[in-house]
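Note sheet for the following structure.
Number of protein chains: 2
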Amino acid sequence: MKKHQITIIDIAKKLGISKSTVSRALTNNPNVNPETRKAVLEMAKELDYQPNMLALGLIKNETRMLGVIIPDIQKPFFAAIVSGIQHAVARMGYRTIIAQSDESPQIEKENIQALMLSRVDGFLICHTRDTRNFDQIKMLYQKGFPLVSFARICQELPIPKVVEDDFNGLYTTTQHLIERGRRRIALLSGPKHLQASKLRQQGYMAALRQRGIAFDGDLVVHTRFLAENVSNALDHWLSLPEPPDAICTIYDAGAVQAMQLLKSKGLRVPDDIAVAGFGNDPAAGLVEPGLTTYEQQPYEIGVLAGKHMLDALKRRFTDVPPEITISEGRLVVRGST
Amino acid sequence: MKKHQITIIDIAKKLGISKSTVSRALTNNPNVNPETRKAVLEMAKELDYQPNMLALGLIKNETRMLGVIIPDIQKPFFAAIVSGIQHAVARMGYRTIIAQSDESPQIEKENIQALMLSRVDGFLICHTRDTRNFDQIKMLYQKGFPLVSFARICQELPIPKVVEDDFNGLYTTTQHLIERGRRRIALLSGPKHLQASKLRQQGYMAALRQRGIAFDGDLVVHTRFLAENVSNALDHWLSLPEPPDAICTIYDAGAVQAMQLLKSKGLRVPDDIAVAGFGNDPAAGLVEPGLTTYEQQPYEIGVLAGKHMLDALKRRFTDVPPEITISEGRLVVRGST
DNA sequence: AACATTCCCGCAACCGTTCCCATATGGTAT
DNA sequence: ATACCATATGGGAACGGTTGCGGGAATGTT
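These protein sequence lines map, in sequence, to chains A and B.
So the first sequence is residues 1 to 337, counted in the working numbering.
So the second sequence is residues 338 to 674, counted in the working numbering.
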């Protein structure tokens, strides 16, 4: 039942030559008679020979596989990044193994472990919302794996990173809201410890400061990117003696949820309260009114991350200082502001 | 620079025993002294030994990797399926390598070829919109690869398949539109040769017939799931002497695009024309009015496909007749009808 | 005391390749 | 004729594990 796998030895036997010669013929080694090569190639085709990458990988100690660690492939942002990574590295014959952490640091850890055992040639990592302990990724670094960190980056390691235009995004968006005459601008932020949250909040605060608007801690709420967080934030803000006239969020999904909740409470967007997002997810163009948002191009982020990885693989052990790449964005103004 | 990889031989040397014993200790082989095992395990931990899956795969002739071929990970439908597959097979220690065909049969072919060389243990395939030639997948079948076909299935092969509730979906949706008083119901279909297109159209026609509504060929347009197809279809329908009072689509994205085009033409949904979709993509709940659609659960489809694969891997070469699984759906009624 | 049994362990083959080294052959310069 | 070189090929070690086989020591049986 179990068919015998065709190997170079089969070809060698059929042709009455040694497997060394077959190997050379197949790998375009110049030290082989053109006629012999021709015969080998023909026989290989006839027997439908398929080289065994496992054996090759064992010798070369490489698999041409890259591990991609993301929280959730169902989020359009990550799906686009993954797509970009794949297309970028496919050119060089690399394939990607995608592992979802489901935002669980524990699963993330297991995934990294498993992919390490599978001997992937490198890792592209976007850690979970709750990852605070970077031991796993540090361990990879120490073991010498090529590493690229994207979106939610690990700042503690000198590795290539690709991030969104965090500071600028919220700076621009907040500025836009101020220009629209808003003064009580709330900020729906992310987990406190995330670098992206911090930078975006800094952008928000810089815009306020520049326009001489006092910062009000009551107007900032940190979320874990969950729907219930948004609901609670809104309740909090609307119960303030002086509720906000605009809500700025650091992620589109939160903005969309906020808009729908506001609508269900009978509040009009943007008349009663303006809403702005970050990312330009597909949803931003679908809701009514359209969501003003700072556009990011996750596909491009993926491509950049993939290129960094290819560089790292090429110069392996060459110690070139790693770059941090910022993917530029732009404000897309729609009806919500 | 290139660090020496820790192998069982290193452990054996340190302990002054043979690599066979180390191997046995590590693989829970009973023929090894408990004390020896303990020593090996400790030494393995101390040296931070990582088994080499390539070597193991070479012996066992398996990689515990599955190839997943999909058109586009950025479509929410496929992202959810992929997620389901991953979670289903991860339990049994399998990992998935995802390859996007970008709806190109040529790239699909190359991907299958490449994954075959990578020696994946099986394939889960959703072929492209334009795949008419199943030679590649037949070749895999002949070579004895475990195969599962989902969503866009290959009917020519006796392999497990998981499909959406195609016939029922459009039967139910069309019936719903008729109950809402619509009589000129247009159908925005997919590529003619796709089984899913055919079955959905059959469901649509069955509902019409049952209610005694004559079928009008002018009201059916086949698309390639492209935005321009939708635009052309609308122009065609609206120029008819008796334009439709409802549009039924076999995919949500088309319905959403139709709604937006109708809106831009000044037509009201559902007052002037009702719209219904298929799938219940995230977008369906976001547009205004909400899109009535036949809900599918792509995540579940992925889980089912993954389970079929696990079965196939287990019973390899046992020749159990393959099943075709239909993932049930239900109509979600929103404002668009 | 002789023998069988059980328990551990080492030896060596094997998985499918690559690649270094040795060798045979033939041609060319000395 | 000898030395030398290039070219084409074969032999075999290596990559990192698993596994069947056989053997030695310890134990049990008569």
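We treat Cβ as the ideally placed atom computed from N, Cα and C, and that holds for glycine.
Distance check for residue 155(A) and residue 9(A), CA to CA, integer angstroms please. Taking the first residue of the first sequence as 1, we reach residue 9(A) at position 9. Taking the first residue of the first sequence as 1, we reach residue 155(A) at position 155. Approximately 50 angstroms, taken between the alpha carbons.
Classification of residue 445(B) by the beta-carbon crowding that lies within 10 angstroms, buried from 16 upward: Taking the first residue of the second sequence as 1, we reach residue 445(B) at position 108. Result: buried.
Reduced DSSP category for residue 429(B) - H, G, I as helix; E, B as strand; rest coil: The residue you call residue 429(B) lines up with position 92 of the second sequence. Coil at residue 429(B), not helix or strand.
List, from N- to C-terminal side, the beta strand (DSSP E) runs of 3 residues or more that fit wholly inside the segment 226-303 of chain A. 246-249, 274-279, 292-295
Considering only their Cβ atoms, is the gap separating residue 483(B) from residue 653(B) smaller than 9 angstroms? Translated into positions along the second sequence, residue 653(B) becomes position 316. Translated into positions along the second sequence, residue 483(B) becomes position 146. Cβ distance < 9 angstroms, so residue 653(B) and residue 483(B) count as in contact.
Chain B contact residues for residue 82(A), given Cβ-Cβ distances below 7 angstroms: The count along the first sequence starts at 1 and reaches residue 82(A) at position 82. Residues of chain B passing the Cβ test: 410.
Cutoff 7 angstroms; reference residue 643(B); Cβ partners in own chain excluding five residues on either side: The count along the second sequence starts at 1 and reaches residue 643(B) at position 306. These residues qualify, in order along the chain: 421, 422, 425, 426.
Residues within the segment 41-61 of chain A neighbouring chain B, beta-carbon criterion of under 8 angstroms: 50, 51, 52, 53, 54, 55, 57, 58, 61
At a Cβ threshold of 9 angstroms, is residue 97(A) touching chain B? In the first sequence, counting from the first residue as 1, residue 97(A) sits at position 97. Residue 97(A) counts as touching chain B.
Looking only at C-alpha atoms, which of 250(A), 127(A), 273(A) sits nearest to residue 243(A)? Here the question's residue 243(A) lines up with position 243 in the first sequence. The option with the nearest alpha carbon to residue 243(A) is 273(A).
By the criterion of Cβ-Cβ separation under 8 angstroms, what are the contact partners of residue 456(B) in chain A? Against the second sequence, residue 456(B) aligns to sequence position 119. Residues of chain A passing the Cβ test: 52, 53, 54.
From the DSSP output, in three-state form, read off residue 416(B) for me. Taking the second sequence and counting its residues from 1, the one referred to as residue 416(B) is at position 79. Residue state, collapsed to three classes: helix.
Would you report the Cα separation of residue 118(A) and residue 638(B), rounded to the nearest angstrom? Taking the first sequence and counting its residues from 1, the one referred to as residue 118(A) is at position 118. Taking the second sequence and counting its residues from 1, the one referred to as residue 638(B) is at position 301. So the alpha carbons of these two residues sit roughly 27 angstroms apart.
Between residue 442(B) and residue 568(B), what straight-line distance do the alpha-carbon atoms span, to the nearest angstrom? Looking up residue 442(B) in the second sequence gives position 105. Looking up residue 568(B) in the second sequence gives position 231. Each residue's alpha carbon lies about 25 angstroms from the other.
Three-state secondary structure (DSSP) at residue 551(B)? Here residue 551(B) refers to the residue found at position 214 when the second sequence is read from its first residue. Looking at residue 551(B) - three-state DSSP - the assignment turns out to be coil, as it is neither helix nor strand.
To the nearest angstrom, how far is the alpha carbon of residue 37(A) from that of residue 100(A)? In the first sequence, residue 37(A) corresponds to position 37, counting from 1. In the first sequence, residue 100(A) corresponds to position 100, counting from 1. Approximately 45 angstroms between the Cα atoms of the pair.
Proximity test, Cβ basis, 9 angstroms: residue 206(A) and chain B: Stepping through the first sequence from its first residue, residue 206(A) is reached at position 206. For residue 206(A), the answer is no, since every Cβ of chain B falls outside 9 angstroms of its Cβ.
Would you verify that the beta carbon of residue 222(A) is, or is not, closer than 9 angstroms to some beta carbon of chain B? As a first step, residue 222(A) must be located in the first sequence, where it is residue number 222. So no, residue 222(A) is outside the interface.
What does residue 297(A) reach in chain B if we use C-beta pairs closer than 7 angstroms? The count along the first sequence starts at 1 and reaches residue 297(A) at position 297. Within 7 angstroms Cβ-Cβ: nothing; residue 297(A) doesn't reach chain B, min ~12 angstroms.
Quick one: which chain B residues come within Cβ less than 7 angstroms of residue 288(A)? On the first sequence, position 288 is the one that residue 288(A) refers to. Ordered by position in chain B, the residues that pass the 7 angstroms Cβ test against residue 288(A) are 625.
In chain order, what residues of the segment 254-267 of chain A put their CB closer than 9 angstroms to some CB of chain B? 256, 260
Candidates 560(B), 528(B), 523(B), of which the one nearest residue 542(B) by Cα: Within the second sequence, numbered from 1, the residue matching residue 542(B) stands at position 205. Looking at the Cα atoms, 523(B) is the closest of the given residues.
How should residue 501(B) be labelled, buried or exposed, when 16 other C-beta atoms within 10 angstroms of its C-beta is the threshold for buried? Position 164 of the second sequence, counted from the first residue, corresponds to residue 501(B). The residue in question, residue 501(B), is buried, as its Cβ has 16 or more Cβ neighbours within 10 Å.
Assigned secondary structure, residue 423(B) (DSSP; H/G/I helix, E/B strand, else coil): Mapped onto the second sequence, residue 423(B) falls at position 86. Three-state DSSP puts residue 423(B) in a helix.
Find the residues of chain A that neighbour residue 620(B), judging by a C-beta separation of less than 9 angstroms, and give them in chain order. The sequence position of residue 620(B) within the second sequence is 283, counting from 1. What residue 620(B) touches in chain A: 282, 283, 286.
Residue 195(A) and residue 137(A): beta carbons closer than 9 angstroms? Here the question's residue 195(A) lines up with position 195 in the first sequence. Here the question's residue 137(A) lines up with position 137 in the first sequence. No, the pair does not count as a contact, with Cβ atoms beyond the cut-off.
Looking at the structure shown, is residue 354(B) part of a helix, part of a strand, or coil, going by DSSP? As a position in the second sequence, residue 354(B) is number 17, starting the count at 1. Here residue 354(B) sits in coil by DSSP.
Measuring only between beta-carbons, confirm whether residue 27(A) sits less than 9 angstroms from chain B. Here residue 27(A) corresponds to residue number 27 of the first sequence, with the count starting at 1. Residue 27(A) does not count as touching chain B.
In terms of residue numbering, what span does the alpha helix (DSSP H) encompassing residue 396(B) cover? Position 59 of the second sequence, counted from the first residue, corresponds to residue 396(B). 390-397 is the span of the alpha helix (DSSP H), which, as asked, contains residue 396(B).
Buried or exposed by the 16-neighbour rule on C-beta atoms within 10 Å, applied to residue 182(A): Looking up residue 182(A) in the first sequence gives position 182. Label assigned to residue 182(A): buried.
Return the bridge partner residues of residue 186(A) from the DSSP annotation. Here residue 186(A) corresponds to residue number 186 of the first sequence, with the count starting at 1. BP columns for residue 186(A) point to 247(A).
Which whole-angstrom value describes the C-beta separation of residue 432(B) and residue 402(B), a residue pair presumed to lie in contact below a C-beta threshold of 8 angstroms? To locate residue 432(B), count along the second sequence from 1; it is residue 95. To locate residue 402(B), count along the second sequence from 1; it is residue 65. Right, the Cβ-Cβ distance comes to about 5 angstroms (below 8 angstroms), so this counts as a contact.
Once the 5 residues before and after residue 120(A) are set aside, which same chain residues still bring their CB inside 7 angstroms of it? Against the first sequence, residue 120(A) aligns to sequence position 120. Cβ within range, chain order: 63, 65, 66, 67, 97.
Top-ranked residue by Cα proximity to residue 126(A), from 149(A), 141(A), 236(A), 115(A): By 1-based counting over the first sequence, the position of residue 126(A) is 126. Comparing Cα-Cα distances from residue 126(A) to each of 149(A), 141(A), 236(A), 115(A), the minimum goes to 149(A).
From what residue to what residue does the beta strand (DSSP E) around residue 161(A) run? To locate residue 161(A), count along the first sequence from 1; it is residue 161. Unbroken beta strand (DSSP E) run through residue 161(A): 161-164.
Residue 557(B) by DSSP, collapsed to three states: which one? The sequence position of residue 557(B) within the second sequence is 220, counting from 1. Three-state DSSP puts residue 557(B) in a strand.
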